[in-house]
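Below: the structure, in structure tokens.
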Amino acid sequence: MHGGMHFHTLCHLSSSANTTYRADCCTYDRSETAISGRIRAPNQIFGRPVLTIVIATLALAGCSGPQSALDPAGVEASAVHHLFIVMVIGGAIIWAMTIGVLAYAGRTRPKPISVRGASRLIVWGGVAFPVVVLFLLLSYAVWLMPQVRPWLPGAMDGTAEIEVTGEQFWWRILYLDQTGKPAFETANELHLPVGRRTTFRLKAADVIHSFWIPALGGKMDMIPGRDNSLSLEPTKAGIYRGPCAEFCGTSHALMAFSVVVMEEVDYLAWRAARTQAPVAPQKTSGQELFFRHGCAACHAIAGTPAIGRIGPDLTALGERQTLAAGTLSNTPDAMIRFIRDPASIKPGVKMPAFGMLPDGDIEAISAWLGGLK
Amino acid sequence: MSATDLPTFTDEERAGQEERLRKVWTTPSGWRYWTSVNNTEIGLWYGAAAFIFMLFAGLLGLMVRVQLAVPDNSFISADLFNQAFTLHGTIMMFLFAVPIFEAIAVYLLPSMLGTRELPFPRLSAFGFWSFAIGGVFVCGSIFFNAAPNTGWFMYPPLATDKEYSGIGADIWLLGLSFIEVASIAAAVELIVGIMKCRAPGMRINMMPLFAWYLLIVAGMILFAFPPLIAGDILFEMERMFDWPFFDAARGGDPLLWQHLFWIFGHPEVYIIFLPAIAIMAMVVPTFSQRPIVGYSWIVLAAVGTGFLSFGLWVHHMFATGLPQMSLAFFSAASEAVAIPTGVQIFVFIATMLAGRVIFSVPMLFGAGGLAIFVIGGLTGVMVALVPFDWQAHDTYFIVAHLHYVLIGGMLFPVVAGIYYYYPLFDGKKLSDRFGKVSFWLMFVGFNVAFFPMHFSGLRGMPRRIFTYPAGIGWDWFNLISTIGAFVFAFGVGVVVIDVVRPKKRQPRCEQNPWNAGTLEFISEPEENWGVRSVPIITSRYPAWDQPDLIDNIKAGRYYLPDSPMGERETLVTTVLDARPVQCLRVGGTSVVTMVAAAALGGVFIALTFHWWWITIACAIVTLGAILYWLWTGTAKIPETQDYDVGLGLKLPVYASGPASVGWWAMFITMVGDGTAYASLIFGYFFYWTIHEDFTGGHAGPGAFWPMVALVLFVLAWLLMLAARSLNKANRIRATQGVLVLSTVLTLAGCGAGLAGPYLYSMDPTLFVYPAIVWVVAIWTVVHGAVAVIMQLYCLARSLSGRMTARYDMDLVNVVLYWHFMVITAVTSFAVIGLFPLLR
């Protein structure tokens, strides 16, 4: 049923014409990054000689895609990556020691050790050692919590607040102005400034979803009736991918979003362009058909009479990285297929099939939508 | 008692004894075989059923792996995938991991404790049939495309959305509630069995470690399952009648379900893991040929694990936005549980070091399992740290972690147990060669399947996705995982073949083939009586330390070597010192347990389909069957009170109060019941904490009627105390009169309890406050109705002369129920009547 589906991969977006940010995860220029001074970069510990297994682990961890916690591009993700590497090294040593003792104990030995010696092993290996190690590790992690996720509102220096609402199976994104009022709406694609903390207000419209950008930091659930918040500080410009991390129904697998992390100036320019009184897009037959076939009942497009709130906002759809919440690459072909029969691409989607429309109509609508910038 | 004091029987006498014992303990033939209640049959059926469910869930797991082998796959649809992974987790947890230990425990404990039978064989049978019916119902749903599809954790509002989840969620809620009943029945059986039915002399600090672990686990079941049952009740009320417990728009909160689910769900992990360690605690000393090093250490560690496991549940909810202070607390508690776990592992290593290890297939599986489990433990330490969990939560890293824990910590030890204990089943060993082949297939396959998931998870692959795009960095990891899963499945297949292959030509092994130090290998596959005579135990490893013990047991030189009255008999001993205090007559073969389980199954299944009349009919049959079972099978007045159990000891056959096993069963059941009730009250106050005004402006039940109900229930309880005293004083007529009066007051109390919410027109569909008040009131009134049935039962027993001043077990147990009843009633009516006034 999904045999014909073609997924777009953000790793290959570097050739995309409409962005200057290279998403290829292995090619970031590290000098551009602005890692927070409070937290050591993970590569500071690479210098030490470590176990082969750890090197192998790190080799696997490098260049690991646009949705990887092992390729951090944010303050929280870097700190956790660092914590992870410490734990992997420690864990590998502890595992090797434990299994080493077990293997020795299982071998035929000339003489068994005394009960007293064996009891001492229980006390030192089973109690004393874990108590010390766990205490140190826990202290490290608890100290890290407020570092990566400040508790107090005052500690969040983010000015650009964004409200993200999880819906089955897409993301409603509302940019807010300084006073917290809605500035403009979009869907399934976030634009964030690099080197500055952005605070998100997270909501759910129907069921529980979870907001997660692995490259920037950990996740936070979106729960109906509860207002959760999260703040993230990207340290590297680029394009990342965020999935829904809480099972939310049939097409939970097909609910992702793109995150475009931009330099501050670019970000401000992008925001300004969006906040300005929207310019009516060029009138075409596609636009006329969009309204005639009732698309505007569910979708909104700034600068046009379309103000539907049921489905995702389609303003500047042509600029987006993907279609259908990270499911399809943004091509006219994909858009046509989606309009014709959304459920065949995304089972359980609320949008009805428009396969009964003449091919020409669908093509015109898709051409118009694809041209929206 | 020295061997010279033991009686010696002639061959003829022994043959006669054995003849009579065999007749009493015989397993019926033909279709009646299935009405057997003996622990060896029930244990075997229970284990086989759990294993078959496991294989089925394994196939579902393979389906999931095939679908994920390559990106954009279309092997199965999204909806079938969602059903498959939901059932995979549900079956593995509820139909395999927990029941397999109930099975092993029921099978092994009697002989291990040196006793004939557990105290309530019919309850075991009832539990098994409930489990089998519920299990088939839940598993079968996928063939009708009606399986639950919301994940085994059933989070609302997705799972309360009827359009999405259809009947699947009801099948999960009701089918599993039914199975939870079976688990609690097993917990009662195991706790009373371990505490009260050990061989004389087996003081509590001499119990085999397996018994210690099972005692702890059964206790955990008693406190862990009831919160889930309470959650299930709220959930089903929302689905059936639209009471908004988890609907945020009407004051409910989806997080309450998460709390109740994980208060159950985390201890569940240890309920699964501890019995597996228990098997290793039997296997390791045997193959090290020495007693365990650090017996007290391992017992304390197991108890500590059990306690701590109840304080960890929030680590499943680190990403729900709870305050960081509480996250830090639960993170610390989660790390702390690693310490007792480490102690248990090091106790095994120390025992091996202090002994001479004989390497064998069970040890191979044990050691391999440990190597896997330690990785799972270490990743567990990682995910217990809040910042790391924010990344790893709900990704394939967790999938890897939990399979390392459960397969290393549970499945491998279980297979070790199968190889170790198989000779008990038909006196033959499984094949070493098959064992080694299956071990290496399973070990390598497992690691190939699950190790890469750590990486796919941290590379951002969420759990429960039916497909994924190519090129995101997960393709190879998933393909390798799928290949590994099939290798692993082949390994499991080899174990199955080894177990089921015909072994007719294989010679029998010795009765204690591994030279174990504990008693379980005295059980003979051909005999149903558990032990030929109930021995006197003076050591933790009696088969090593007590010379001639096994010969003397078999020669019938200890207690109960005969069954002159044709009754199934076993000894009851004191909890700490195991002094014999009673000769207990246990229930024998009966069809009533099957009927009761089938009818109760009918209640749950009919409820799923909203067939109300069938529900009511099945409920009446269930009640009738249980009453018949109790009336004919329990508290029988014996022909004599001084019964000769052998070795010059005379013991009573009838006991009442704390000396009797029935009293303990009631007490333990009511502790579980009280835990479910406490969860509901927790819900009431949970809503109070999350709302400014938790009534949401809706009328309460007032104070008057709840107070009337409270007073009536207290009076009814006082009358029950009076009835007990009057009966003891042999004033039978007065007892009967007081029982009638108490029944009337209870009925009035039930009416008054419902009058408050009813008269103030509290509509439970409008807002969560009226709904939770109604639930608390209904829970109390239903308990009142059960109390009325018990009161009438006592009255009938008294009128028919089956309950007298001397033989008053029924009344004493009902009064015990009433202690819990009055606590429930006072709490309920004070909370719903008075608490709103305090705001």
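Heads up: the sequence lines are chains A and B, in that order. 1 is the number of the first residue of the first sequence in our numbering; add one for each residue after it. 1001 is the number of the first residue of the second sequence in our numbering; add one for each residue after it. Backbone N, C-alpha and C fix where the C-beta goes; we use that ideal spot for every residue, glycine too. Everything numeric in this text was worked out from a predicted model, so none of it was measured.
Quick check on DSSP: helix, strand or coil for A/E319?
Within the first sequence, numbered from 1, the residue matching residue 319 of chain A stands at position 319. In this structure, A/E319 counts as helix in the three-state DSSP scheme.
Cβ closer than 9 Å: which chain B residues qualify as neighbours of A/D206?
Stepping through the first sequence from its first residue, residue 206 of chain A is reached at position 206. Per Cβ cutoff of 9 Å: P1157, L1158, D1161.
Under DSSP, the beta strand (DSSP E) around B/Q1391 begins and ends at which residues?
The sequence position of residue 1391 of chain B within the second sequence is 391, counting from 1. Premise fails: B/Q1391 lies in the alpha helix (DSSP H), 1386-1392, not in any beta strand (DSSP E).
How about B/G1061: is its C-beta nearer than 8 Å to some C-beta of chain A?
Along the second sequence, read from residue 1 onward, the residue named residue 1061 of chain B stands at position 61. For B/G1061, the answer is no, since every Cβ of chain A falls outside 8 Å of its Cβ.
Counting only the same chain and skipping the five closest in sequence on each side, list residues whose C-beta sits under 7 Å from that of B/V1303.
As a first step, residue 1303 of chain B must be located in the second sequence, where it is residue number 303. Counting only Cβ-Cβ distances below 7 Å, and skipping sequence neighbours, we find I1216.
My output table needs one value for B/V1420: the three-state DSSP class, helix, strand or coil.
Position 420 of the second sequence, counted from the start, is the residue given in the question as residue 1420 of chain B. A quick correction: the sequence has Tyr, not Val, at residue 1420 of chain B. Helix.
With 8 Å as the threshold, decide whether the Cβ of B/D1475 is near any Cβ in chain A.
As a working note, residue 1475 of chain B is residue 475 in the second sequence. False, the Cβ-Cβ gap to chain A never drops below 8 Å.
Anyone know if the C-beta pair for B/T1351 and A/I223 falls short of 8 Å?
As a working mapping, residue 1351 of chain B is identified with position 351 in the second sequence. As a working mapping, residue 223 of chain A is identified with position 223 in the first sequence. Not closer than 8 Å, so no.
Exposed or buried, what is A/T165 when buried is set at 16 or more other beta-carbons lying within 10 Å of its beta-carbon?
In the first sequence, residue 165 of chain A corresponds to position 165, counting from 1. Buried, by the Cβ-count rule.
Quick check on the DSSP output: the beta strand (DSSP E) that includes A/G238 runs from which residue to which?
Residue 238 of chain A sits at position 238 when you count from the first residue of the first sequence. That run of the beta strand (DSSP E) goes 238-243.
Just mark B/V1776 as buried or exposed, buried being the case when its beta carbon has 16 or more other beta carbons within 10 Å.
Counted from its first residue, the second sequence places residue 1776 of chain B at position 776. Its Cβ being crowded by 16 or more others within 10 Å, B/V1776 is buried.
If the cut is a Cβ gap below 7 Å, which residues of chain B does A/G249 touch?
Counting from one through the first sequence, the residue named residue 249 of chain A turns up at place 249. By Cβ distance, chain B contributes L1158, Y1164.
Quick one, which of B/R1802, B/G1566, B/P1542, B/W1779 has its alpha-carbon nearest B/R1290's?
Residue numbering aside, residue 1290 of chain B sits at position 290 when the second sequence is read from its first letter. Minimum Cα distance to B/R1290 is reached at B/P1542.
Have a look at B/F1246, B/A1392, B/M1666 and flag the residue whose alpha-carbon is nearest the alpha-carbon of B/V949.
The structure shown does not extend to residue 949 of chain B, since chain B is modelled only from 1001 through 1839, so no value can be given for it.
Taking C-beta to C-beta, are B/F1490 and B/L1441 nearer than 8 Å?
Working through the second sequence from its first residue, we reach residue 1490 of chain B at position 490. Working through the second sequence from its first residue, we reach residue 1441 of chain B at position 441. Cβ atoms of B/F1490 and B/L1441: closer than 8 Å.
Using a Cβ-Cβ cut-off of 7 Å (strictly less than) and excluding sequence neighbours within five positions of A/F338, which residues of its own chain qualify?
As a first step, residue 338 of chain A must be located in the first sequence, where it is residue number 338. Correct list, in chain order: L323, A324, L328, I345.
Taking 8 Å as the CB-CB cut-off, is A/K203 touching chain B?
Reading the first sequence from its first residue, position 203 is the one you call residue 203 of chain A. So, not an interface residue.
If we define contact as Cβ-Cβ less than 8 Å, is B/V1357 a contact residue for chain A?
For the purposes of this step, residue 1357 of chain B is taken as the residue at position 357 of the second sequence. At least one chain A Cβ lies under 8 Å of B/V1357.
Could you say if the region 1751-1758 of chain B and the region 1217-1228 of chain B meet the contact criterion of at least three C-beta pairs nearer than 8 Å?
The region 1751-1758 of chain B, when compared against the region 1217-1228 of chain B, does not touch it at the 8 Å Cβ threshold.
Using the beta-carbon of each residue, which ones in chain A are nearer than 7 Å to B/F1346?
As a working mapping, residue 1346 of chain B is identified with position 346 in the second sequence. Residues of chain A passing the Cβ test: L121, I122, G125, G126.
On the CB-based measure, 16 or more other CB atoms within 10 Å of its CB, does B/N1145 come out buried or exposed?
By one-based count along the second sequence, residue 1145 of chain B stands at place 145. That one is exposed.
Considering B/E1335, what are the terminal residues of the beta strand (DSSP E) in which it resides?
Sequence index remark: in the second sequence, residue 1335 of chain B carries index 335 (1-based). Not the beta strand (DSSP E): B/E1335 falls in the alpha helix (DSSP H), residues 1324-1336.
Check each candidate in B/T1027, B/Y1046, B/R1032 and name the one with the smallest Cα separation from B/N1038.
The residue given as residue 1038 of chain B occupies position 38 in the second sequence. It is B/T1027 whose Cα lies nearest to the Cα of B/N1038.
In the DSSP assignment, what residue or residues form a beta bridge with A/W171?
The count along the first sequence starts at 1 and reaches residue 171 of chain A at position 171. DSSP, once it has assigned bridges, lists A/G166 as partnering A/W171.
What residue range is occupied by the uninterrupted alpha helix (DSSP H) comprising B/P1362?
Within the second sequence, the letter at position 362 stands for residue 1362 of chain B. Unbroken alpha helix (DSSP H) run through B/P1362: 1361-1383.
Among residues of its own chain, excluding the 5 on either side of B/T1622, which ones have a beta-carbon nearer than 7 Å to its beta-carbon?
In the second sequence, the residue the question calls residue 1622 of chain B occupies position 622. Contacts found: A1596, A1599, L1600, V1603.
Mind pulling the beta strand (DSSP E) runs of 3 or more residues that sit fully within the region 1566-1605 of chain B?
The region 1566-1605 of chain B contains these whole beta strand (DSSP E) runs: 1569-1573, 1580-1585.
Grab me the residues of A/V148's own chain with a C-beta within less than 6 Å of its C-beta, minus the 5 sequence neighbours each way, in chain order.
For the purposes of this step, residue 148 of chain A is identified with residue 148 of the first sequence, where counting begins at 1. E76, A79.
Would you tell me roughly how many angstroms separate the C-alpha atoms of B/W1129 and A/G125, rounded to the nearest one?
The residue given as residue 1129 of chain B occupies position 129 in the second sequence. The residue given as residue 125 of chain A occupies position 125 in the first sequence. If I take the Cα positions, the gap works out to 45 Å.
Compare the beta carbon distance of B/A1516 and B/S1481 with 8 Å and say whether it is the shorter of the two.
For the purposes of this step, residue 1516 of chain B is identified with residue 516 of the second sequence, where counting begins at 1. For the purposes of this step, residue 1481 of chain B is identified with residue 481 of the second sequence, where counting begins at 1. Contact: no.
Could you check the C-alpha separation between B/T958 and B/G1566 for me, to the nearest Å?
It is not possible to answer for residue 958 of chain B, since the shown part of chain B is limited to 1001 through 1839.
With a threshold of 8 Å between beta-carbons, can A/L102 be considered close to chain B, or not?
Within the first sequence, numbered from 1, the residue matching residue 102 of chain A stands at position 102. Yes, because at least one Cβ of chain B sits closer than 8 Å to the Cβ of A/L102.
Do you know how far the Cα of A/A334 is from the Cα of A/Y21?
Locating residue 21 of chain A in the first sequence gives position 21, where the first residue counts as 1. Locating residue 334 of chain A in the first sequence gives position 334, where the first residue counts as 1. Here A/Y21 scores only 40 on pLDDT, less than 50, and its place in the model is too uncertain to base an answer on.
With H, G and I counted as helix, E and B as strand and the rest as coil, what does DSSP make of B/M1195?
What you label residue 1195 of chain B is simply residue 195 of the second sequence in a count that begins at 1. Note: B/M1195 maps to helix in three-state DSSP.
Taking a Cβ distance cut-off of 7 Å, strictly less, list which residues of the region 1242-1257 of chain B are near chain A, in chain order.
Residues A1248, D1253, P1254, L1255.
Please report how far the alpha carbon of A/P42 lies from the alpha carbon of A/A73, in whole angstroms.
Start at 1 with the first residue of the first sequence, and residue 42 of chain A comes out as number 42. Start at 1 with the first residue of the first sequence, and residue 73 of chain A comes out as number 73. Because A/P42 carries a pLDDT of 38, less than 50, the predicted location of this residue cannot be relied on, and no value is offered for it.
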